[in-house]
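Novice: To start, I am sharing the structure in question, which I have written as structure tokens.
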């Protein structure tokens, strides 16, 4: 496998006998590369699993066939990240992008006022920011149906990403449907669980349903918009 410092390009690592891991420099790069990979899946590829700085390719092949998948990963990533093609200094291709999923939110969360104050604004200002732009599903994790949502940077008037600190003491139970913030991410708890994100609202949206395909409402690469409804 090829290895390199991510500051100079993607890094490829073997992960057992039937998987390879692509390491990237940023979440923005992960989103670009995952979109390109999903559009050109080779034989033998079972799944692509994006995370904050990586994309895992799970296959059902070994040996030379796995090496071929690794070469495809690296070549596709390098093309996607090339300036002027779709990389950090180029335009992102919107072709094939899924339509936005709208999540209706009652901004009645117990941490709304405190979180707004931490960010130097009032509750209405935080709500306006949260609903002002689209969010990209960067990756999934923590619990089935939980998506890490990153704000899109299409509108420069929105300003730089906000950094929201987690709660100093996590809650033992966060209700299902809680809309929350932490770091630069927003997320919706698909079921009751412990959690340390700051709750700013609630939604009736079903994030995970075993009876539908796919069971997750939000999948990596999708877009989300939050819309305020009366509390």
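Numbering (our numbering), first residue to last: 13 to 243. Beta carbons are placed, not taken as given, at the ideal position from N, Cα and C, and that holds for glycine.
So, using beta-carbon positions, are residue 181 and residue 234 closer together than 7 Å?
Specialist: Position 169 of the chain shown, counted from the first residue, corresponds to residue 181. Position 222 of the chain shown, counted from the first residue, corresponds to residue 234. The answer is no: Cβ separation not under 7 Å.
Novice: Would you be able to state if there are at least three C-beta pairs under 8 Å between the region 80-93 and the region 40-56?
Specialist: The region 40-56 is in contact with the region 80-93.
Novice: Kindly indicate the opening and closing residues of the beta strand (DSSP E) around residue 71.
Specialist: Start at 1 with the first residue of the chain shown, and residue 71 comes out as number 59. 66-71 is the extent of the beta strand (DSSP E) around residue 71.
Novice: Give me the DSSP bridge partner(s) of residue 118.
Specialist: Looking up residue 118 in the chain shown gives position 106. 214 and 241, per the DSSP bridge assignment.
Novice: Using the Cα positions of residue 130 and residue 211, report the straight-line distance between them to the nearest angstrom.
Specialist: In the chain shown, counting from the first residue as 1, residue 130 sits at position 118. In the chain shown, counting from the first residue as 1, residue 211 sits at position 199. Rounded to whole angstroms, residue 130 to residue 211 spans 14 Å at the Cα level.
Novice: In whole angstroms, what is the alpha-carbon distance linking residue 21 and residue 145?
Specialist: Within the chain shown, numbered from 1, the residue matching residue 21 stands at position 9. Within the chain shown, numbered from 1, the residue matching residue 145 stands at position 133. So the two alpha carbons sit approximately 30 Å from each other.
Novice: Shortest alpha-carbon distance to residue 200 belongs to which of 222, 185, 161 and 223?
Specialist: Numbered from its first residue, the chain shown carries residue 200 at position 188. Ranking 222, 185, 161 and 223 by Cα distance to residue 200 puts 161 first.
Novice: Measure how close the beta-carbons of residue 214 and residue 120 come, nearest whole angstrom, since I'm counting them as under 8 Å.
Specialist: Against the chain shown, residue 214 aligns to sequence position 202. Against the chain shown, residue 120 aligns to sequence position 108. About 6 Å separates the two Cβ atoms, so the contact holds.
Novice: In angstroms, rounded to a whole number, what distance separates the CA positions of residue 53 and residue 135?
Specialist: For the purposes of this step, residue 53 is taken as the residue at position 41 of the chain shown. For the purposes of this step, residue 135 is taken as the residue at position 123 of the chain shown. Their Cα atoms are separated by approximately 44 Å.
Novice: Under the rule that 16 or more other beta-carbon atoms within 10 Å means buried, what is residue 156, buried or exposed?
Specialist: Here residue 156 refers to the residue found at position 144 when the chain shown is read from its first residue. It counts as exposed.
Novice: Tell me where the beta strand (DSSP E) around residue 59 begins and ends.
Specialist: Position 47 of the chain shown, counted from the start, is the residue given in the question as residue 59. Residue 59 -> beta strand (DSSP E) spans 57-62.
Novice: Out of 189, 75 and 179, which one is the CA nearest neighbour of residue 205?
Specialist: The count along the chain shown starts at 1 and reaches residue 205 at position 193. Comparing Cα-Cα distances from residue 205 to each of 189, 75 and 179, the minimum goes to 189.
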